[in-house]
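Here is the structure we will look at.
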Amino acid sequence: MTQLKKRQRKMGLDNGIQLKLASKKVPEDFPDKGSLDKWDFDTLEKTGELEVAYWRKCWGIREMILGVLHADQGGGEYPVKAEDLPAIRRGLVKFLNPKTWEEDADSIWEYEEMYETLLQQLLNLKWLEKYLKDHPEDSASFYDSY
1331 MTQLKKRQRK MGLDNGIQLK LASKKVPEDF PDKGSLDKWD FDTLEKTGEL EVAYWRKCWG
1391 IREMILGVLH ADQGGGEYPV KAEDLPAIRR GLVKFLNPKT WEEDADSIWE YEEMYETLLQ
1451 QLLNLKWLEK YLKDHPEDSA SFYDSY
């Protein structure tokens, strides 16, 4: 890989997985505000979008997710199906190992700073998988900003 290609692929600073409600109306069976950690329910109620997981400057996680989604360019938005989420969760689980984090996370964050966040994201993504299966009219996407 050329230096330019490496640098371009590493430029994504903010990325995450978000849920988009088709009707922009929160379903009655949606979890209550107190049960989901740090989710922006005000934005969900206003826009019909909810950030389920977010990474900033975690290029190893970004690369893993782009690989699962077969998206080799980076930058932009990519659909995430319920069937993609188990592979993404398996990839995240690997980062719970401090040695793997040190070698592969390619992040500005230390392992201790991200451990709890990764655990919460695993729960959030498990929830999202079930939600998408129960609500096929709604969608999820991985966004990768430059």
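Heads up, this note's numbering is the position in the sequence shown plus 1330, with the first residue counted as 1.
For every residue, glycine included, the Cβ atom is placed at its ideal position computed from N, Cα and C.
DSSP, reduced to helix, strand and coil, places G1421 within a helical segment of the structure shown.
In the DSSP assignment, R1386 forms a beta bridge with D1344.
Taking a 10 Å sphere around the C-beta of A1383, we find 16 or more other C-beta atoms and assign the residue as buried. Counting the other CB atoms within 10 Å of its CB gives N1427 a total below 16, which places it among the exposed residues. DSSP places F1472 inside the beta strand (DSSP E), whose first and last residues are S1469 to D1474. Contact check for L1455 against A1412 fails: the beta carbons are separated by 8 Å or more.
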